[in-house]
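Here is the structure we will look at.
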Ligand SMILES: Nc1ncnc2c1ncn2[C@@H]1O[C@H](COP(=O)(O)OP(=O)(O)OP(=O)(O)O)[C@@H](O)[C@H]1O
Ligand SMILES: [Mg+2]
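Residue numbers (this note's numbering), protein chains in the order written: chain G, 376 to 738; chain Y, 6 to 257.
Structure representation (structure tokens):
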């Protein structure tokens, strides 16, 4: 006999039967795993740079030595020169630098505490491996994308968690108590929502002193972004609470002597969370883009720390993009992250929807 | 006297008077029906009795004790008076298994062991003619009629002496109505429960109740024994209602 399934189980089943959603989930999983293990996966640290390799194009990985022997994956030396138009060009030199997998490189602390010095792949100095090319200071874009992912991907998560917390609280209180409290809270929400987000972002950022260390900037960005984001969620949750508290099963629970708190926890919040999970997933991209925008205009994470936004600051010149299009890679990663969150969020909503159809209110 | 309502009034913001000086007495085993057109205040009355809506005025007595304030009704009253809602698709929280749903109804009961709880659940499921092995299943796996029986089982968990059925048959199709009706017919014999049966279906009213109250625009305009009311209604509105109902049912 088929195992009985809860509503959550069914929604999850529908979610996982959506191919695009699964793909999005895998992409996000891979990105977050890469961010977590950035130190291992990246051949270079944040501080690493190479003056001889500004805007070095992606290095080719060769299997055959210059004389035709098979020697396994390696890269060649790269020598910078200028052509007749005084444009920078790179020529491969005959030196061979084998790729060493799990080789020793710069030391770091794995997950923040374990001293370690192995890297997923690395080449011996003076060779350089630029999987996705280099930026103006010869820094490896691949490594910086991985390190930057820590900032860019977690700001979205923390931001959403904080604003979701505020939104749940404010929306719940407004929806439950109704009356004056509701009026006041909703007017505050509207005021926050009325100001165009980006200007609010700039204004709030201007209110924060410039002389902050990177961690403080990071925290400030999260707080600023959640301050902007909570109002929308609060309104959604308030609306849901308003209708949920009139559901027959909530009334039934009241007639059976459950306390308000028990009812909120058992019969109201679980229902808002299923809806808001989708809303929250769909909200994450806004935070990622917000951080990118701040960092892009120099108000966010500062060099040498990386975020996808501040990496893109270099790409604000059409000439540079023309000669070194690979500096746009961070934009690609922002793009797939935002897309994945949107696909996953949509699928979450669809997964819950069929159960909600045809279950309107009635007395 | 099981339940005594005295001078209940309720108007909603916007000037709708849903209850206008409603008084009603219910003797144990009397099974009073409440009929009346849509919007006359039947659900409001049920909700006021259950403490879901605070009345503007009026008193509520149950088994001789006064329970007029909504707060007072939270304890013993809530155990002994239970309500079954109209729509079985909305009255069961889809998130919880039948077992959890039934278990919730024991909140006000003295503590029981797991074994006792299970025995009680199996008992009420048997009363509504449902097999005991459905406890692990979820509401969406059941048909409307089955759900309404689960809702009835939930209402019976605390061994109430009064069951308020607010159009508990209306959202079900005719055959399922017959089925539930037959369950309802034999419940009082087995549990001693008394009904306040709110309904549109006058045939069901005739089968279940001894006394019928007719409500119109928030007032009870006539309250009489079943046979008396059906054979010789005194109020013109009741005459019209009966005529409409039986003509309609005959013509279908
Ligand atoms: N929450 C509310 N706010 C304002 N007015 C309400 C509210 N609930 C009910 N009413 C009004 O009170 C009156 C009585 O409603 P009630 O639901 O008690 O009627 P009813 O007899 O149960 O009708 P039905 O047979 O359609 O269920 C109606 O006019 C309705 O519009
Ligand atoms: Mg009603």
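Note that beta-carbon positions come from the ideal geometry of N, C-alpha and C, so glycine has one too.
Asked	Found
Cβ of residue 404 (chain G) within 8 angstroms of any chain Y Cβ	no
Per-residue DSSP class, three states only, for residue 28 (chain Y)	strand
Residue(s) in a DSSP beta bridge with residue 230 (chain Y)	Y:216
Residue 169 (chain Y), DSSP secondary structure in three states	strand
Alpha-carbon spacing of residue 73 (chain Y) relative to residue 10 (chain Y), whole angstroms	9 angstroms
Ranges of the beta strand (DSSP E) found wholly within the segment 77-160 of chain Y, counting only runs of at least 3	86-89
Beta-carbon spacing of residue 415 (chain G), residue 450 (chain G) below 8 angstroms	no
Beta-carbon spacing of residue 223 (chain Y), residue 177 (chain Y) below 8 angstroms	no
Contact list for the segment 609-631 of chain G against chain Y, Cβ threshold 9 angstroms	622, 623, 624, 625, 626, 627, 628, 629, 630 and 631
Where residue 418 (chain G) falls, given that 16 or more other Cβ within 10 Å makes a residue buried	buried
Alpha-carbon spacing of residue 182 (chain Y) relative to residue 235 (chain Y), whole angstroms	21 angstroms
Contacts around residue 195 (chain Y), its chain only, beta-carbon distance under 7 angstroms, and the 5 residues preceding and following it disregarded	132
C-beta neighbour in chain G for residue 122 (chain Y), strict 8 angstroms	no
Residue 584 (chain G) at chain Y interface by Cβ criterion, 8 angstroms	no
Residues bridged to residue 464 (chain G) (per DSSP)	G:456
Any C-beta of chain G under 8 angstroms from that of residue 109 (chain Y)	yes
Buried versus exposed, by CB contacts within 10 Å (16 or more), residue 456 (chain G)	exposed
Per-residue contacts from residue 642 (chain G) into chain Y (C-beta, under 7 angstroms)	98
Buried versus exposed call for residue 421 (chain G) [16 or more other C-beta atoms within 10 Å across all chains shown]	buried
Three-state secondary structure (DSSP) of residue 593 (chain G)	helix
Contacts of residue 90 (chain Y) in chain G (Cβ-Cβ under 8 angstroms)	623, 626 and 627
CA nearest to the CA of residue 30 (chain Y), picked from Y:200, Y:136 and Y:98	Y:200
Contact between the segment 627-634 of chain G and the segment 575-586 of chain G (3+ Cβ pairs under 8 angstroms)	no
Chain A residues whose Cβ lies nearer than 8 angstroms to that of residue 113 (chain Y)	This model lacks chain A altogether, as its protein chains are G and Y.
Residue closest to residue 424 (chain G), alpha-carbon to alpha-carbon, out of G:637, G:642, G:481 and G:703	G:481
Run of the beta strand (DSSP E) containing residue 11 (chain Y), from where it starts to where it stops	8-17
C-beta atoms of residue 52 (chain Y) and residue 58 (chain Y) nearer than 8 angstroms	yes
Which of helix, strand or coil DSSP assigns to residue 741 (chain G)	The structure shown does not extend to residue 741 (chain G), since chain G is modelled only from 376 through 738, so no value can be given for it.
Per-residue DSSP class, three states only, for residue 174 (chain Y)	coil
Ligand 1 heavy atom lying under 7 angstroms from the CB of residue 572 (chain G)	no
Contact the segment 716-728 of chain G vs the segment 655-669 of chain G: 3+ CB pairs below 8 angstroms	yes
In DSSP terms, what residue 239 (chain Y) is bridged to	According to DSSP, residue 239 (chain Y) bridges with nothing at all.
Through-space distance from residue 683 (chain G) to residue 708 (chain G), alpha-carbon basis	8 angstroms
Per-residue burial, residue 517 (chain G) [other beta carbons within 10 Å of its own, 16 or more giving buried]	buried
Spatial distance of residue 454 (chain G) from residue 470 (chain G) (CA atoms)	11 angstroms
beta-carbon residue 9 (chain Y) near ligand 2 non-hydrogen atom, thresh 7 angstroms	no
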